[in-house]
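In full-length UniProt numbering, the protein residues as written are 1 to 366.
Ideal Cβ placement from N, Cα and C applies to all residues, glycine included.
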């Protein structure tokens with residue numbers, strides 16, 4: 001049945017992704033911890049100052065913990081935006097007697113200056129209003145209000161947000177560009193959509209978009225990968241992986257590991273434990289670096305592979321389509337990716353395996 005009222009209400013709702021319950025709870029817990037800890041530290045530092053915490057930090061926590069990828073939530077926006085708003089708010093409170101005029105002018109000027117300095121942070125508008133309407137406790141502070149509580153609250157909340165998001169595996173602050181090895185477009189961008197194309201498209205927009213150019217690039221490239229995959233006969237990782245895999249044991253001596261690198265002429269090898277579970281990866285350059293610092297007394301305890309290996313390893317499952325691996329080989333120059341099932345390594349896929357499979361797919365299309 002058609003419900004015109006419901007359709008009308010849907011037009012008012014944003015086209016916004018609703019996160020799973022677990023992620024929503026984590027966002028709320030992050031804001032709770034951030035506000036509680038930064039508030040307690042501010043109170044401890046400032047002591048008996050009445051204006052030890054300001055309400056706009058609640059709005060900032062929404063951005064920092066719920067949408068940390070937003071350009072409006074980045075550290076520059078948080079610190080510079082709140083500072084600008086604080087300066088303008090205090091100045092307007094001092095020189096404009098009428099409160100309505102004072103906070104209206106303060107917010108308007110703050111928006112102009114924040115947009116001019118690329119530091120737009122919506123909660124900063126509330127900082128400007130607080131400087132005007134905060135009462136005697138705020139007015140007595142004068143320009144000190146900018147340093148405490150504004151900057152103190154902002155920096156404390158920001159540090160907690162960085163730590164919390166990193167623990168959850170989120171990149172915050174956001175990395176500025178896709179290609180970290182060169183200023184040139186990445187290999188994928190060279191043959192598809194390039195950053196310059198996106199910049200020109202964004203330049204034609206008349207309104208400000210709440211998404212970074214970097215995130216927009218990632219979304220477009222990911223969508224293009226999925227669109228391309230629909231037209232290809234997909235191989236799965238188990239179809240192209242090598243099952244007879246040379247690996248290192250985590251308790252193996254580093255000198256023995258070097259011998260394996262020389263015998264196999266490989267640049268990196270996976271590392272397993274006694275139960276043949278994947279626990280890390282070791283690159284030849286890491287072994288070379290270990291030899292270079294062998295005379296350093298601080299590293300004399302490093303004797304086994306587990307002491308110098310990298311424990312965070314990108315893995316795939318046997319049933320995954322090989323298209324999932326392309327960004328790692330192309331954008332991040334991986335030599336191989338382990339295939340893991342039930343925590344055990346069942347094979348690896350090398351760059352050569354990928355080239356052969358993709359070449360076969362091209363022949364099928366042709």
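Margin query: Let's test the definition: count the other Cβ atoms within 10 Å of the Cβ of residue 336 and tell me whether it reaches 16, buried, or not, exposed.
Written below: buried
Next item on the list: Please confirm whether residue 242 and residue 350 have their CB atoms less than 8 Å apart.
Entry: yes
Next item on the list: Express the C-alpha separation of residue 40 and residue 300 in angstroms, rounding to a whole number.
Entry: 43 Å
Check: Which of helix, strand or coil does DSSP assign to residue 124?
Finding: helix
Check: Looking at the structure shown, is residue 253 part of a helix, part of a strand, or coil, going by DSSP?
Finding: strand
Next item on the list: Express the C-alpha separation of residue 110 and residue 235 in angstroms, rounding to a whole number.
Entry: 55 Å
Check: Whose CA, out of 29, 318, 137, lies closest to the CA of residue 161?
Finding: 29
Next item on the list: Report the residue ranges of all beta strand (DSSP E) runs contained in full by the region 191-238; include only those spanning at least 3 residues, in chain order.
Entry: none
Next item on the list: Would you give the residue range spanned by the alpha helix (DSSP H) that residue 148 belongs to?
Entry: First-last for residue 148: undefined, no H or E at that position.
Notebook entry, point to check: Mind checking residue 76: buried by the 16 CB within 10 Å criterion, or exposed?
Noted result: exposed
Check: Does DSSP put residue 47 in a helix, a strand or coil?
Finding: coil
Next item on the list: Kindly indicate which residue of 324, 82, 225 has the alpha-carbon position closest to the one of residue 151.
Entry: 82
Check: Quick one: what's got a C-beta closer than 6 Å to residue 357's C-beta in the same chain, skipping five residues either side?
Finding: 235, 240, 322
Note to self: Using the three-state DSSP reduction, which class does residue 130 fall into: helix, strand or coil?
What the structure shows: helix
Margin query: Checking the sheet assignment: what are the DSSP bridge partners for residue 268?
Written below: 283
Notebook entry, point to check: Cβ atoms of residue 347 and residue 271: under 8 Å apart, would you say?
Noted result: no
Next item on the list: Check residue 104 in the structure and name its three-state DSSP category.
Entry: helix
Checklist line | residue 1 burial status per 10 Å Cβ neighbour count (16 or more: buried) | finding: Note that residue 1 has pLDDT 47, beneath the 50 cutoff, so the model's placement of it is unreliable and the number below is only indicative. Counting Cβ neighbours within 10 Å, residue 1 comes out exposed, since fewer than 16 surround it.
Next item on the list: Along the alpha helix (DSSP H) that carries residue 345, what are the first and last residues, could you check?
Entry: Looking at the DSSP string, residue 345 is not in any alpha helix (DSSP H); the run it does join, the beta strand (DSSP E), is 344-350.
Note to self: Give me, in chain order, the residues of the same chain whose beta-carbon lies closer than 7 Å to that of residue 320; leave out the 5 immediate sequence neighbours on both sides.
What the structure shows: 236, 237
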